[in-house]
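Read in order, the letters of the sequence shown are residues 1 to 63 in full-length UniProt numbering. Note that beta-carbon positions come from the ideal geometry of N, C-alpha and C, so glycine has one too. Small disclaimer: the values here were computed from a predicted structure and weren't measured. Reading through the structure tokens given below for one structure.
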Amino acid sequence: MNARQFFDKVVEMRRLQKEYFKSRNHFILEKSKMIEKEIDKEIKRVQDVEAANKPSEPNLFNQ
């Protein structure tokens with residue numbers, strides 16, 4: 001997922017959340033939760049990529 005797709009997903013999620021709180025429609029809540037899981041999965045994916053690309057810090061005590 002690229003940055004634009006992520007942004008669009010978050011916008012859609014927030015729209016659904018607001019709509020749910022106005023209507024209390026269970027279907028809208030489930031759809032919002034589904035998108036929230038996609039967002040959480042993408043956040044985890046990016047964090048994992050960043051962690052893998054992070055250079056290891058030198059250890060001053062074990063040289």
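Candidates the options, of which the one nearest residue i by Cα
| i | options | result |
| --- | --- | --- |
| Ser32 | Asn59, Glu50, Ala3, Lys9 | Lys9 |
| Met13 | Val46, Ser23, Ile39 | Ile39 |
| Lys5 | Asn59, Ala52, Glu42 | Looking at the sequence provided, one finds Gln at residue 5 rather than Lys. Closest by alpha carbon: Glu42. |
The alpha helix (DSSP H) enclosing residue i, as first and last residue numbers
| i | result |
| --- | --- |
| Leu29 | 26-53 |
| Phe7 | 3-23 |
Cβ-based burial, residue i [other Cβ within 10 Å; buried from 16]
| i | result |
| --- | --- |
| Leu16 | buried |
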